[in-house]
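Notes to accompany the following structure.
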Amino acid sequence: MNGITLKQSLLSAAAAAALLAGQAVPAHAQSADALRRENAQLRAQLDALNQRCGVPAPDNTGALERFGDIEARLDSIRAGQRTRGSVEITVTMTLRNVSSQPMVLNYEYDTFNVTDSHGYTYRFFGGQDKDTIKGIPIATTNRVDPTFTLLPGRSSTVTFLVQRAMNEAQTPGSRFDISASFGQYENLGQGRLRRLQTFPVSFKDRPVTSAGVATGIGGRADQTVENAAGRLLDRLFK
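For the sequence shown, counting from 1, position 46 maps to 46 in our numbering; every step adds exactly one.
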């Protein structure tokens, strides 16, 4: 079970228990007034826990743009917690072929850019390769991969992983500008390809959709949530 599922399960259990507590008088409650006061305190604790730990927002930022024959949807922007002096940003988008013809698509090397609302930019650490760009081949000045074909009406998900070194006084912004270019190529045979067009995809001022535990980096935050929710459940059922 990942951190998000654990947190949601614990908070849901606590919420359900709070509702049950409102239906049955516990043994230590001496009056209806005492029960109401206790229930109000428990609900306040649950609300405070929810606000402090944060319930991750659902994926899909609602950003959908069309760039020529490509429709691009920004699915998520995930900001990880600081680890070893850097913060990782994971951007996921879905590309859809809205034309009537198959497309040989590649990501155009060195065109992905991310800037947050604090003015910080993020870069690929360790190069642009299959470990930092997933779901689509990478076209360079010397090489194009003809094996990736997006059929009419079909979609493909692309993920980018970038990082920035940050000290303890720095934090990522809450909104991001994101851009990348994708090239459509024609396979001429005998290893020859010709670029037909370029799709410059961009999204402006888009919010982070989830942070910390959503990236699998916030182990200590998970434990804090588990302990706090556990204490709340203990009090409900004592």
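Ideal Cβ placement from N, Cα and C applies to all residues, glycine included.
What span of residues does the beta strand (DSSP E) with residue i cover, start to end?
i	result
I77	I70 to A79
E168	Looking at the DSSP string, E168 is not in any beta strand (DSSP E), and its letter there is neither H nor E.
G191	Counting along the chain, G191 falls outside any beta strand (DSSP E), and DSSP gives it neither H nor E.
N113	N113 to D116
R66	A63 to F67
Report the three-state DSSP secondary structure of residue i (helix, strand or coil).
i	result
E38	helix
A32	helix
Q128	coil
G135	coil
Y107	strand
R84	coil
L151	coil
T209	coil
P146	coil
P200	strand
S174	coil
Q101	coil
T141	coil
G183	strand
Y120	coil
Taking only the alpha-carbon atoms, compute the straight-line gap between residue i and residue j and give it to the nearest angstrom.
i	j	result
N97	V208	26 Å
D129	F67	25 Å
G189	P146	10 Å
Y107	R123	16 Å
V87	V114	13 Å
I136	S181	12 Å
I70	S202	12 Å
A165	H118	14 Å
T171	R78	14 Å
G85	Q163	10 Å
V91	G173	14 Å
E186	D116	35 Å
F199	A169	38 Å
S156	R195	20 Å
R82	F125	15 Å
G80	F112	19 Å
Q197	Y120	31 Å
A32	S179	59 Å
F148	L193	13 Å
A34	K204	52 Å
Round the Cβ separation of residue i and residue j to the nearest angstrom and send it over; I've been treating them as touching at under 8 Å.
i	j	result
R206	F176	6 Å
M93	L64	Not really, about 10 Å apart at Cβ, beyond 8 Å.
M103	L161	No, M103 and L161 are not in contact; Cβ-Cβ is about 24 Å, not under 8 Å.
Q184	L105	6 Å
L95	V158	6 Å
Y109	T140	5 Å
P152	S100	5 Å
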